[in-house]
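Chemist: Just remember that my numbering sits 2 ahead of the position in the sequence shown, which is counted from 1. Just passing along the structure, written as structure tokens.
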Amino acid sequence: MFFHVLTLFPEMIMDGLGTSILGRAMQKGCIQAEAVNIRDYTTNKHQKVDDYTYGPGAGMLMQAQPVYDCVQAVLANIKQRRMEQAGDAPQKRVRVVYVTPQGAVFDQKMAQEFAKEEDLVLLCGHYEGIDERVLEEVVTDYVSIGDYVLTGGELPAMVMVDAISRLVPGVLNNDESAVTDSFGNGLLEHPQYSRPQVWRDKEVPPVLLSGNHKLIEKWQLEESLKRTKERRPDLYERWKEEHDSSK
Ligand code: 6GU
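Below, the structure written as structure tokens:
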């Protein structure tokens, strides 16, 4: 999978994605990522990419021209690469995601959908946002990472790349993918323990040392339910709805 992040701060993206598991996945070739500097596409002689908004409310907006030309250049590259790989076979449309607090809230299900794509273009806004006219022309999905406001789309884009990448085959090792069930079943994960067996007078729950897998699974589900009910009553209610045997 190839992520194309369009931004005014490309170093932030490459620094953020280059370490740890994603860095390793890029070296292995499971995922690829490029950060494209929108400023490189401005036709303004002072390299300017923003201007004041029309109407009341002072604020700067990213202008349509550099954003549009940047997106078109990235899409042309993708098309070119796909032609070289698959010849004249019809090409799937490329999804262009605008990361914005005015979007649908990103969740695990969305991550799974995006993980099926061959390329994903992520457009990061700054200042007060981007001129609406260019968004209308190029954006296929509007996505937020939650109900709070950040200074720019770079951190949200990295959050999305991380959540999507770990679903791409080969990115995680076996022992890392064990963590996948959290949310996979719509519940929070049960508590986990490692050595020592007693720490500050606290014991590891004895059932986990019993060797009885059936019993352990039962305990884990109960703990998941208890934790979800307490911390995420919204998820708990949804889970109960879906597992209601009386329906
Ligand atoms: Cl995608 N962008 C910005 N700037 N702030 C956010 C966000 C995105 N998602 C939540 N807050």
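All C-beta atoms in this analysis are idealised placements derived from N, C-alpha and C, irrespective of residue type, glycine included.
What is the DSSP secondary structure of Ile132, counted as helix, strand or coil?
Modeler: In the structure shown, Ile132 sits in a strand (DSSP, three-state: E or B).
Chemist: Could you give the uninterrupted runs of the beta strand (DSSP E) lying entirely in the stretch 41 to 80, keeping only those of 3 residues or more?
Modeler: The stretch 41 to 80 contains these whole beta strand (DSSP E) runs: 52 to 54, 62 to 64.
Chemist: Taking the C-alpha atoms as reference points, what is the distance between Val145 and Gly131?
Modeler: Distance between the alpha carbons of Val145 and Gly131: 13 angstroms.
Chemist: Let me check understanding here. Comparing Cα to Cα, which of Phe116, Ala165, Val69 lies closest to Asn46?
Modeler: Ranking the options by Cα distance to Asn46, first place goes to Val69.
Chemist: Can His6 and Val123 be called in contact, C-beta distance under 8 angstroms?
Modeler: Cβ atoms of His6 and Val123: closer than 8 angstroms.
Chemist: Run through the stretch 141 to 211 for me and flag every whole alpha helix (DSSP H) of 4 or more residues, listed as ranges in chain order.
Modeler: Runs found: 156 to 167, 176 to 179, 183 to 186.
Chemist: When we look at the beta-carbon of Gln199 and count the other beta-carbons within 10 Å, is it buried (16 or more) or exposed?
Modeler: So Gln199 counts as exposed.
Chemist: Put Glu36 into one of helix, strand or coil per three-state DSSP.
Modeler: Here Glu36 sits in strand by DSSP.
Chemist: Going by beta-carbon coordinates alone, are Val51 and Leu10 separated by less than 8 angstroms?
Modeler: In contact: Val51 and Leu10 (Cβ atoms closer than 8 angstroms).
Chemist: Where do the ends of the beta strand (DSSP E) carrying Arg97 lie?
Modeler: Unbroken beta strand (DSSP E) run through Arg97: 97 to 107.
Chemist: Please report the Cβ distance between Ala159 and Ile15, rounded to the nearest whole angstrom; I am assuming they are in contact, meaning their Cβ atoms lie under 8 angstroms.
Modeler: Going by Cβ atoms, the distance from Ala159 to Ile15 rounds to 7 angstroms, so yes, they are a contact pair.
Chemist: Are the stretch 82 to 95 and the stretch 104 to 116 touching, with three or more C-beta to C-beta distances below 8 angstroms?
Modeler: At 8 angstroms Cβ cutoff, the stretches do not touch.
Chemist: Sorted by chain position, which residues of the same chain lie with C-beta nearer than 8 angstroms to Gln222's C-beta, five sequence neighbours on each side aside?
Modeler: His192.
Chemist: Can you name the residues that DSSP bridges to Phe4?
Modeler: Looking at the DSSP assignment, Phe4 forms a beta bridge with Gln34, Asp121.
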